[in-house]
Amino acid sequence: MSIEHHKLERLKEEICQRFGRKISNHGDVVELADKISQSALSTQTIKRFFGLIKGNTKPSPVTLNALSNYLGYSSWDGFKDRSSLNLYHEIQRTPAGEGLDYYIKDIPSYWEVVFYKSRDKAAEIYKKGDSDYIVHFFEELGKIKNAHDTFWEWFPNLNLLKKKYYRNGLVSYRNAKNTNNAHCYANGMLFLGSYLYKNEEEAEHLFGLLNNLDDTSDMSPLPMARRMAALTIWRNHAGENIGEIKNIAVKEYLRQQENELNRYTNSYASIFIEYLIIGGMPQLISELLDLGYYPFNYSEFFASSVHYHEIRTIEALALAITGQMESSKIVFIDIIPEKYSFNDNQYYDCLYSILAVIHGNEDYRIKLSKLIAQTGYTRFYDLLELYYVKK
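In terms of my numbering, the sequence shown opens at residue 68 and continues consecutively.
Following this line, the structure appears as structure tokens:
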């Protein structure tokens, strides 16, 4: 058996291992074709590769690259030369590789191709002995166009806002995309992290970046919400009048409702209120709710959303800290731990823990302390003291 033939057989074996069973019939082939990135191969091609139909030609480079991609390699050559992936797995076992562990497990197929360049770059840097390889991984990820929405914007990771590698990745994404939306999203996220772990110098710098954007008319609702909320928090923190921002927030909410942007209207408003909770501003939240600024009406979209319990937690907190305890308790009961999961999202676990203590469950005070120790978000102590009234 030639070396090339041996590697082809090894490729087949590893594909079957990842697939979970031998590729032996048409149903298996269809399922595998669906899982291969961007449906790069036809079922006939896959059948020929696994010997389910006769074919005398060798697999093409396109076929071999696509099948290698399915296993996490950047190419067929990458599969044959495993040094990059082996280094990558070694990176994941190091203490600094914790961020990779979080993101690489159970990667959806449409993300897989996004990680190849970043992974290989991290492996190269690790091989040279650079201790900042994890930072470079996220910086490279920020430059990849396909990752701008499918990674950075769709799945903000609020757990990692204190981590250098994630923050550098956000900056890399912001600079690479270089739109008002990208600047508002990234700087809004970075501001939230700075505020939570009380880096006032950095928070003020990010406030300046957000405040000095010349034209925000092209912004989408969600980045706009992060910008408006960050400006509100910092101006309130600095003792400035925030009446104008309140009026703008309400006008934008009503404008989106008039345009029937219900999904984005709710998301915009719930993000805005979430930031105000973090900013310790119950009076402003109460005024907004009195003005009809209530984003928590759950369409089918939100009821089936992975963010459903996160939004419900924000709703219950908003009601509790504005004195509507009975209404808050109804929502709180709906999201008891037996019924919800934040998928290891410690940021929302902190908010839920504050909510639980407000509703009399003192066990969550200890959990909150542990979560704060893990995240570094010491401002959650201040929020608990502000919002909890001991009976």
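We put the beta carbon where it would ideally sit given N, CA and C, even for glycine.
Closest residue to residue i among the options (Cα-Cα distance)
i: Glu-81; options: Ala-270, Gly-139 and Gln-111; result: Gly-139
i: Glu-17; options: Met-392, Lys-147 and Leu-298; result: In the structure as shown, the chain starts at 68 and stops at 458, and residue 17 therefore has no counterpart that could be examined.
i: Asn-235; options: Asp-449, Lys-212 and Phe-205; result: Phe-205
i: Leu-438; options: Arg-77, Pro-288, His-426 and Tyr-419; result: Tyr-419
i: Leu-225; options: Glu-429, Tyr-454 and Tyr-415; result: Tyr-415
i: Pro-288; options: Ala-305, Ile-352, Lys-318 and Arg-115; result: Lys-318
i: Gln-350; options: His-72, Pro-128, Tyr-240 and Gln-391; result: Gln-391
i: Ile-120; options: Tyr-264, Leu-435, His-93 and Gly-427; result: His-93
For residue i, the first and last residue of its enclosing alpha helix (DSSP H)
i: Tyr-441; result: The question names Tyr, but residue 441 is Gln in the sequence shown. Run containing Gln-441: 430 to 442, per the alpha helix (DSSP H) assignment.
i: Gln-111; result: 110 to 116
i: Ala-383; result: 375 to 388
i: Gln-413; result: 413 to 425
i: His-300; result: It should be pointed out that residue 300 corresponds to Ile in this sequence rather than to His. Start and end: 288 to 304.
i: Ser-141; result: Here Ser-141 belongs to no alpha helix (DSSP H), and DSSP marks it neither H nor E.
i: Thr-130; result: 128 to 137
i: Met-348; result: Note, Met-348: premise wrong, no alpha helix (DSSP H); not H, not E.
i: Ser-394; result: 392 to 401
i: Tyr-454; result: 446 to 454
i: Asn-204; result: One detail in the question is off: residue 204 reads as Phe in this sequence, not Asn. Run containing Phe-204: 200 to 210, per the alpha helix (DSSP H) assignment.
Integer Cβ distance of residue i from residue j, believed to fall under 8 Å
i: Leu-237; j: Met-256; result: 6 Å
i: Met-348; j: Asn-412; result: Going by Cβ atoms, the distance from Met-348 to Asn-412 rounds to 23 Å, so no, they are not a contact pair.
i: Ile-421; j: Phe-447; result: 7 Å
i: Leu-78; j: Ile-90; result: Going by Cβ atoms, the distance from Leu-78 to Ile-90 rounds to 12 Å, so no, they are not a contact pair.
i: Ser-135; j: Ser-127; result: Not a contact, Cβ separation roughly 13 Å.
i: Leu-208; j: Phe-218; result: 7 Å
Close Cβ partners of residue i (< 6 Å) along its chain, the five nearest in sequence each way excluded
i: Ala-163; result: Below a pLDDT of 50, predicted positions are generally treated as unreliable, and Ala-163, at 46, falls in that range; the measurement from the model is reported next regardless. Result list for Ala-163: Ile-201, in chain order.
i: Glu-452; result: none
i: Ala-292; result: Tyr-335, Ile-338 and Phe-339
i: Phe-363; result: Glu-382
i: Pro-290; result: Asn-248, Cys-251 and Tyr-252
i: Val-96; result: Thr-110, Ile-113 and Lys-114
i: Ala-107; result: Ala-133
Same chain, Cβ closer than 7 Å to residue i, five either side skipped, listed in chain order
i: Ser-395; result: Ala-383, Leu-386 and Ala-387
i: Thr-380; result: Ile-402, Tyr-415, Leu-418, Tyr-419 and Leu-422
i: Phe-117; result: Lys-79 and Ile-90
Same chain only: Cβ atoms within 8 Å of residue i, ignoring 5 sequence neighbours per side
i: Lys-172; result: In this prediction, Lys-172 has a pLDDT of 47, which is less than 50 and means its spatial position is unreliable; what the coordinates show is noted afterwards. Around Lys-172: no qualifying Cβ.
i: Met-295; result: Ile-312, Ile-315, Ala-316, Glu-319 and Phe-339
i: Lys-229; result: Gly-260, Leu-263, Tyr-264, Thr-442, Gly-443 and Tyr-444
i: Leu-276; result: His-250 and Asn-254
i: Lys-231; result: Val-202
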